[in-house]
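**Student:** Right, I'll just put the structure down here and ask away after.
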Amino acid sequence: MATILNPTYRSRLGYQAALLGGMCYLMSMLLIGGNTATHQLIDQHVLNDKLALLDQVMPHSLYDNDPVADSQVIQYRDLFKEPIEILPARLGNEFSGAALNLTVQGWGGPLNFIMAVDASGQVLGVRVINHKETPGLADKIELEKDDWITGFDGRSLSNTSHIQWAVKKDNGEFDQFTGATITPRALVSGVYRGLQCFQHWRQQAQAQTRAKEESGS
Amino acid sequence: MFVATLVLTALGLLLGWLLGLAARVFAVEENPIVNEVEALLPGTQCGQCGFPGCSAAAEAMVEGNAAVNCCPPGGRALTESLAELLNIDLNSLGDAPVPQLATIDETLCTGCTKCYKACPTDAIVGATRQIHAVISKACTGCSKCKDVCPEDCISLNPEPLTLNTWHWTKPEAA
Amino acid sequence: MNAIRESVHRAAPYAHDRSSVDRIMLQVCLALTPATLFGFYLFGLPAILTFVSICLAAIATEAICLLLQGQSISRLRDASALLTGWLLAMSMPPWCPWWLCLGAGFFAIAIGKHLYGGIGQNVFNPAMLARVALLISFPVQMTTWVQVTPLGSEQAPGLLQSLAIFFEQQSIPDGYTGATLLGAAKAAANGGSAISELVADNYSLTQSFLGNTLGSLGETSELLILLGGLWLLRRRIISWHIPVAMLGSTLLLSGLFYMVSHAQYLSPWYHLTSGGVMLGAFFIATDYVTSPSSTAGKLIFGAGCGLVMYVIRAWGGFPEAVGFAVLFMNALTPLIDRVVKPRAYGRDQRGNPIKNVSARKAS
Amino acid sequence: MFGIAMRGGVHPETKKDLTAERSIIRQLPLPKRLYLPLSQHAGIESRAQVQVGDRVLKGQLVARSGGPLSANLHAPTSGTVVAIEPIIAPHPSGLPAVAIVIESDGEDQWMTLPTLDDPLALSPDELADKVEAAGIVGMGGAIFPAAVKLRQGRRFEIKTLIINGSECEPYLTCDDRLMQERAEAIIDGARMIRHIIEAFEVIIAIEDNKPDATAALKKAAAPFGMIEVRNVPTQYPMGSAKQLIQAVTGKEVPAGGRSNDIGVLVHNVGTVYAIHEALRFGRPLISRIVTVSGGCVQSPHNVEALIGTPVRDIIQACGGLNATPARLLMGGPMMGQIIPSIDSPVIKGCTGVLALTRQEVNEHVPSPCIRCSRCVDACPMGLVPLEMAKHAKVDDFDNAQQYGLRDCILCGSCAYVCPSHIPLVQFFEYAKGELKERRNSEHKQEYTKRLTEQRNERIEREKAAKLAAKKAKKKKPSRQSEAAASEPAATAQEESAES
Amino acid sequence: MSTASTPKAPAYRTIFRDGLWDNNVAMGQMLGLCPLLAVTTSATNGLGMGMATLAVLMLTNTLVSLIRGIVTPQVRIPVFIVLIASVVTLVDMAINAWMHELYKVLGLFIALIVTNCAIFGRVEAFASKQPVLPAMADALAMGIGFTWVLVAIGAMREVLGSGTLFAHASLLLGDHFTWLEVTVIPDFSGILLSILPPGAFMALGFLIAIKRLIDRGIKARQERAALAGLVTQ
Amino acid sequence: MDYLLLFIGTVLVNNIVLVKFLGLCPLMGVSNNLSAAFGMGLATTFVLTLSALASWIIEHLLLVPLHIEFLRILSFILIIAAVVQFTEAVVRKTSPLLHKNLGVFLPLITTNCAVLGVALLNVREEYSLVQSLVFGMGSALGFSIVMVIFAGLRERIAMASVPATFAGTPVSLVTAGLLSLVFMGFSGMI
Ligand SMILES: Cc1cc2nc3c(=O)[nH]c(=O)nc-3n(C[C@H](O)[C@H](O)[C@H](O)COP(=O)(O)O)c2cc1C
Ligand SMILES: Cc1cc2nc3c(=O)[nH]c(=O)nc-3n(C[C@H](O)[C@H](O)[C@H](O)COP(=O)(O)O)c2cc1C
Ligand SMILES: Cc1cc2nc3c(=O)[nH]c(=O)nc-3n(C[C@H](O)[C@H](O)[C@H](O)COP(=O)(O)O)c2cc1C
Ligand SMILES: Cc1cc2nc3c(=O)[nH]c(=O)nc-3n(C[C@H](O)[C@H](O)[C@H](O)CO)c2cc1C
Ligand code: SF4
Ligand code: SF4
Ligand code: SF4
Ligand code: SF4
Ligand code: FES
């Protein structure tokens, strides 16, 4: 770059260092400013998004606590490799259900979904949050495309047997999509295992409270 | 939070200094390619390319102001090596000028010696006041002789085809 | 005298053997005929409709492309479009709807071949390209396998019913479809059950070899394909390197893993007798245009086809992968051709002149 | 038995039965005019030693070798030199070439031939000189001056002399007939060559489709040890020196090298016969056996024709044509050349004259390469013809060489088998020609660059001298510069004469 | 700030012609291909990405043109890149905070813009050598050019892949634009290939081929017109 | 074993170019001939590995401890750009030969989104240091393989008589699409 205006100070090392340093300073200040101005709003949005999703699977009438704030992370290695986020719902002080954030392996990669279960262990609703399945073939798991996902509503470990928790092709209760069985299979089994997790967690929690009560009394 | 700014600024200062330093310490001499190109050119400074000599032509080629096939004495071989050096697609070039050879019309030549003084490659033979002739092996077709010939007896023609230079043409189809 | 002068513009040789492109292509078609006829017999009239319409679509597309490029329509005579269509049809499900057939022929010839300038210039195998593109685009239709319904048998659809199926006025009757051996094996693997039991229960090796089983239109009878392939070998239209390398590497790999686990992996004999391996090895991987030209290159190519095919069959998302494997190796072919050249006379393998053995006389 | 046989190669229909059973026609009517191009051998043109109007005798030297790589030329019959002028060369280009035209006087009168001692008693170098004097060049088509080859052979340790009787080209039977009819002469010639190059063994290699020739030579060779007559498989291009050496000795000639390098010398039987004639009888090379054949020839035969005989005459001697030929060739169909005019003369390297029908040529419009790799399999040199042609087509000669262009012997096997009828060899001829042109222009560039530098230096010197002269009080500067100026012209002249 | 050192700015007409057609970022310069191919599964996505890119391009081109006088070759690249990265991050934050609905659709794409070669390409090729106004014009032209190509490819892939056009456009543009959402081919299950990665490459390939055909047509017409102009009376 | 799976997955199944759509500009720009493609592959491998390492260090030693994740892009790209440019200057001086083969590609790489993409993906997937490196190298290998294969194909296509409408870029793009179609065969393998 042979500019006419090319005074000698330009070729000093100090100038170049200062230029880049100054740029970095300026920009990081700018970003810090931007961040301070926006981060609260953004955090709020993220929380709202989460609640909105929760709303879809769990009726507002079921809880009056802040499930997000009460959320805890649990792990059942034999059911899910990864830790599970669980959002408990309480009405008054009464346990009224919980939402579980789960991930299973689909055809094209991880399949992230949220499911809500009421206190009796019945599925209230399931929604897929994130997935990499083939569009057009397996995206009927999204509610906007198909109501297949509502097929889980009302199911529980007691009203559907172990064998029935499978796609029809595997002699179960649930429809598969023609030509794409793996995705439904993964979801069905994910919900089934989710219910089992819920059950374990419930039992543990109940045992704990009982223990607490006992030790307290 | 402002530690962050500090860190980044420091990083910027450091990197800026480093890059400035690198540019200085590792500076390379100005365009070595021009020299390389010039070394490839015939060096007869004949001017057929339209530039005042080979070094001007080399500069123009490197800057993209001259086609790599503009030098008729260099011919196709030169064009190809230049194209490779400068990474130019040969197919993008138009037709190259054909190399020429000078011939002296013996019936008109008066032996004035003007042509052989002008010839940059000493391709013209013949002493004063004798008929001059061109050694085709040494003639680059620069037309300098033609320009100075007072009798207008020099003409430039493409090299004639002989049994030695003939070869099969490229087949048409397939 | 004048006549002699006029034709001066072609160099030696002034003799030529009697080979020509159309002869080669037609002989390959001939070698395919037994397996094709057997496919017609197994799957009945809808299969014939499928076959004919794919071939016609391929030829029609070829004609249009030739016209668009201002080439002589007589190029059609080289029969390469027919052969592409033929092989494509053989690798398609036996009962395809009309639009799938048209799309297949069109894609193979227009995108797979003429986009690259026509015969001999394409880099991917046109037939396999079309097959794979359709598999990805229409997974449902492309994985619908009908049961064997031999011509003349009770279940075989009649003419009207066949037409109705072909034009999708009527869906394929329930109970007509099933799973291929490879499909079932993949399902078993996905479902976590033992492959060996499933296969032993439902599929017979002999039937798989003879071809009395469901699958693509022309791929089921390994026997007839093998015979056709051997005939081509004898006619010197193909050389043994690619088929042998491909079948050999498949056998080797599948044997190896079968020994590791009988439950998890399918036996090598099933690998060799099901799906499109045999057709692929003799008729598809051997496509001149898209395979390497040197002997060593052919061996590498064939072995690569077997390897990729096995890897996908065993661990990938698709039950069958001859098409993918061939296409993958097609992509590598230019590189193979560049790296693996025959050893030239008087040079070593790396292209340097061999050493002189005799010294100059002293003096 | 044969060592490692040839790689690749093809089996064209031999068509040798057209002429193989017919003996050589020796007595052709003497042509009225004979045309002797000055360049009918590899290397530099010969220089005419006669002038228009000179009378010459049969066997008399009419043109002398033009340099170290050249050959003498002799009058094939007695008569008068009527012209030394350009004629249409027997070459596909149809370009003119200077020839000595001799009008025969019908007497066919030999000059007095030198008296001869037993050649085997002479020293090898003397013999080589005699071969050179006789103007003998390779008769198998390579037209390389035989004496040059012999002398080169003397500088190497030659173990094996291979006499090339393979004659693998379809139609051609001139060597076959020669071997059948003049076996003793060939054996004699072989012994003399062996003497010259001090070879250890002599192997006469004949394709196994010539049993009669094999038998004749075996019989003639029987009295002499160390001459072995061997059959090699019938396969084109078995006659090519490199392939023959491989088939006979199992060895390969290194790329870019000669057969000398591995201790082998190859000569064609026709050459051997000519050497015999020269050394035994002092006869220079003035005639050769030519196969006249092809579907258009009325009565195909081998003829013994004087060098310089117009093709028209020898065809007429074989009953003329029965149809317009699709191709009129000099040499075999695989490597031969189109002759542009039926009046072109027979030259030393002319093994045959073929008039082929359309069916025989079987030429089609080329279609695109389908990469069938038949050409790769057919190439006896282990090259990749399809890639060579493809790159030549887009003028990418570097890559064409990568795939073997340099090693290509232009045998035509690849083009013979190509189902797409691609004129592969023409691509290679084109590429090789372009490369040669390129090399030449590079040389010229280097040369002119040197000249310019020299001239600039000289001008500098002159200037300096002028300056010095001025300093030394201006005394007659003009003469000095004139003297200096005539110097450069001399340099250029000298250099041009040099190379 | 020196204007003396800058080459003459091209006419605005040329700038726009180049940006929209002749030297279009995606079809002529072959830059910004990653976002181009990654997000164009539908026309709506393409539009969103295009607009976001346009915004960033405007900002960066302007800023770079402003500071071009003080930058030295030694640190040019890092300085520009830092600037671009910051602008993108800021835009990202801003949209997320104040246009959250839009962010939900675009969020993913905005981060991708940093890595868009086209931005850096324009900065280097144009803004760092030209005054502010032409630089802005160039950004506008190139941005719009990029956007229309994105929309075109998105539309091609969407129609072929699912039979709809501008599906969910109202989410991006607001409810006024519901009319944009059309179902082109009803009951069409779609050619999956076209919304999968291979379809992206092919769609761009065919789009460029179409551009060539049009260019050729235009040229032929011009030639004809020129010839006609030579005909007197 | 896990590293191996990650590696194979990165190279073949989730190929950075054909599936993740990163680094396409150099793919289309520098694949005209094999040796250039090879050089670009090597250079990218170098830079990708380095940037995977650098970004991990910055992320875990700077950004996370200071809670300034929003400066991530800025700091990553700053480091990458500087490192690349510094390397280029050094190579140009010390080894003109290497520079001829490699150096010319280095500036191109700064603006190649694969480099930043990989760094960001590393963070998103929460890879450990070793995983980051494996991922970086896998991506680079995946990039190089596609680059070289594609260059081979393009060299062949360059000599084919492609219809004028498609010659050059369009046919290259379609070929890239077909190549990505072929790579889909590996999907579902993870
Ligand atoms: C391009 C393509 C994408 C696919 N995507 C999915 C998918 O997203 N989900 C799925 O379950 N199967 C997918 N498959 C896998 C096959 O359709 C697989 O054969 C099927 O899931 C097996 O189930 P089936 O028994 O219904 O055929 C895909 C296949 C192809 C060709
Ligand atoms: C030559 C040839 C190549 C084939 N390539 C593939 C392929 O790449 N992928 C595939 O799924 N099926 C391919 N097929 C079809 C299969 O061989 C087989 O018919 C089918 O995959 C079996 O059904 P399944 O997918 O339910 O196992 C090919 C068929 C032939 C004849
Ligand atoms: C392809 C090819 C075929 C040849 N065929 C013959 C042949 O059939 N007979 C023959 O004597 N020489 C043939 N030659 C020439 C030989 O290679 C070799 O030059 C010759 O035998 C040397 O002998 P000479 O110098 O005495 O002619 C052929 C050469 C080539 C390249
Ligand atoms: C042995 C052999 C195998 C062939 N296999 C195929 C094939 O698998 N797919 C195809 O489209 N064409 C095939 N062809 C036909 C031909 O090569 C094809 O039309 C060209 O690929 C088009 O350029 C084959 C031809 C021969 C001789
Ligand atoms: S034409 Fe060639 S030789 Fe002549 S001056 Fe130009 S570059 Fe030099
Ligand atoms: S054209 Fe004339 S002056 Fe130029 S090189 Fe030839 S002879 Fe010399
Ligand atoms: S024989 Fe002909 S068609 Fe076959 S590969 Fe060679 S050149 Fe191509
Ligand atoms: S002509 Fe050359 S390439 Fe062809 S077969 Fe003979 S040696 Fe090989
Ligand atoms: S490399 Fe990704 S946008 Fe250019």
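Protein chains in written order, with our numbering: chain A, 147 to 363; chain B, 2 to 175; chain C, 919 to 1281; chain D, 7 to 505; chain E, 17 to 249; chain F, 216 to 405.
For each residue, glycine too, the CB sits at the ideal point set by N, CA and C.
Please state the DSSP three-state secondary structure of C/Asp-1205.
**Tutor:** In this structure, C/Asp-1205 counts as coil in the three-state DSSP scheme.
**Student:** Let me make sure I understand the geometry here. Which of D/Arg-333, D/Thr-297, D/Arg-318 has the alpha-carbon closest to that of D/Arg-32?
**Tutor:** Nearest of D/Arg-333, D/Thr-297, D/Arg-318 to D/Arg-32, Cα basis: D/Thr-297.
**Student:** Helix, strand or coil for B/Ala-124? Go by DSSP, reduced to three states.
**Tutor:** It is coil, neither helix nor strand.
**Student:** Taking the alpha helix (DSSP H) that C/Ser-971 falls in, what are its first and last residues?
**Tutor:** Where C/Ser-971 is concerned, the enclosing alpha helix (DSSP H) stretches over 939-986.
**Student:** Compute the distance between the beta-carbons of F/Ala-329 and F/Val-232, then report whether it is under 9 Å.
**Tutor:** Closer than 9 Å, so yes.
**Student:** Assign D/Ile-268 to buried or exposed, taking buried as 16 or more other Cβ atoms, counted over all protein chains shown, within 10 Å of its Cβ.
**Tutor:** Its Cβ being crowded by 16 or more others within 10 Å, D/Ile-268 is buried.
**Student:** Going by beta carbon distance, what residues of the same chain come within less than 6 Å of A/Ser-328, once the five residues before and after it are set aside?
**Tutor:** This sequence places Ile at residue 328 of chain A; Ser is not what is there. Excluding sequence neighbours, A/Ile-328 sits near Trp-253.
**Student:** What do you reckon, is the C-beta of E/Pro-51 under 8 Å from a heavy atom of ligand 9?
**Tutor:** Yes, the beta carbon of E/Pro-51 sits closer than 8 Å to at least one heavy atom of ligand 9.
**Student:** Looking at the structure shown, is D/Gln-499 part of a helix, part of a strand, or coil, going by DSSP?
**Tutor:** Confidence in D/Gln-499 is poor, its pLDDT being 47 and thus under 50, which makes the residue's placement unreliable; the coordinate value appears in the next sentence. Residue state, collapsed to three classes: helix.
**Student:** At the level of alpha carbons, what is the spacing between F/Ala-379 and A/Pro-330?
**Tutor:** Between F/Ala-379 and A/Pro-330, the C-alpha separation is close to 47 Å.
**Student:** Output the boundary residues of the alpha helix (DSSP H) element that contains E/His-184.
**Tutor:** Where E/His-184 is concerned, there is no enclosing alpha helix (DSSP H), given that its DSSP letter is neither H nor E.
**Student:** Using the beta-carbon of each residue, find all residues closer than 6 Å to any heavy atom of ligand 6 and list them in chain order.
**Tutor:** After applying the 6 Å Cβ criterion, the set is B/Ala-103, B/Ala-119, B/Cys-120, B/Thr-122, B/Ala-124, B/Ile-125, B/Val-135, B/Cys-140, B/Thr-141, B/Gly-142, B/Cys-143, B/Ser-144, B/Lys-145, B/Cys-146.
**Student:** Any heavy atom of ligand 7 closer than 8 Å to the beta-carbon of D/Ala-395?
**Tutor:** Checking every heavy atom of ligand 7 against the Cβ of D/Ala-395, one is found closer than 8 Å.
**Student:** Count Cβ pairs between the region 1255-1274 of chain C and the region 381-393 of chain F that sit closer than 8 Å; are there 3 or more?
**Tutor:** At 8 Å Cβ cutoff, the stretches do not touch.
**Student:** For a minimum of 3 consecutive residues, which ranges assigned as the beta strand (DSSP E) are wholly contained in the region 25-94 of chain D?
**Tutor:** Those beta strand (DSSP E) runs which fall completely within the region 25-94 of chain D and span 3+ residues are 39-43, 67-70, 85-94.
**Student:** Taking a contact to mean a Cβ-Cβ separation below 9 Å, would you say D/Leu-42 touches D/Val-143 in this structure?
**Tutor:** Not closer than 9 Å, so no.
**Student:** Which first and last residues belong to the beta strand (DSSP E) in which A/Phe-320 is found?
**Tutor:** Unbroken run through A/Phe-320: none, as it is neither H nor E.
**Student:** CB C/Phe-958 to CB C/Ala-949, shorter than 9 Å?
**Tutor:** No; because the gap between Cβ atoms is not below 9 Å, this pair is not in contact.
**Student:** With a threshold of 9 Å between beta carbons, is F/Leu-396 in contact with chain E?
**Tutor:** Answer yes: the Cβ-Cβ gap between F/Leu-396 and chain E drops below 9 Å somewhere.
**Student:** Please classify B/Ile-105 as buried or exposed, where buried requires at least 16 neighbouring CB atoms within 10 angstroms.
**Tutor:** So B/Ile-105 counts as buried.
**Student:** Are three or more beta carbon pairs between the region 203-221 of chain E and the region 170-186 of chain E nearer than 8 Å?
**Tutor:** Contact between the region 203-221 of chain E and the region 170-186 of chain E is present, because at least three Cβ pairs lie under 8 Å.
**Student:** Does any residue of chain C bring its CB to less than 9 Å from the CB of F/Leu-249?
**Tutor:** Yes, F/Leu-249 counts as interfacial toward chain C.
**Student:** Confirm, please, whether the CB-CB distance from C/Tyr-1228 to C/Thr-1191 is below 9 Å.
**Tutor:** Contact flag unset, no.
**Student:** Short of 9 Å Cβ to Cβ, which residues in the region 390-424 of chain D face chain B?
**Tutor:** Those would be Ala-395, Ala-398, Lys-399, Val-400, Asp-401, Asp-402, Phe-403, Asp-404, in chain order.
**Student:** Secondary structure at A/Thr-184, three-state DSSP: helix, strand or coil?
**Tutor:** Here A/Thr-184 sits in helix by DSSP.
**Student:** How is A/Leu-270 classed by DSSP in three states: helix, strand or coil?
**Tutor:** Three-state result, A/Leu-270: strand.
**Student:** Since F/Phe-285 meets chain A, which of its residues come closer than 7 Å, beta carbon to beta carbon?
**Tutor:** By Cβ distance, chain A contributes Leu-177, Asn-181.
**Student:** Assuming contact is defined by CB atoms lying nearer than 9 Å, are D/Leu-362 and D/Gly-263 in contact in what I supplied?
**Tutor:** Not closer than 9 Å, so no.
**Student:** Alpha carbon to alpha carbon, how far is D/Gly-9 from D/Arg-161?
**Tutor:** Its pLDDT being 42, under 50, D/Gly-9 is placed unreliably by the model, and the measurement read from it follows with that caveat. Distance between the alpha carbons of D/Gly-9 and D/Arg-161: 26 Å.
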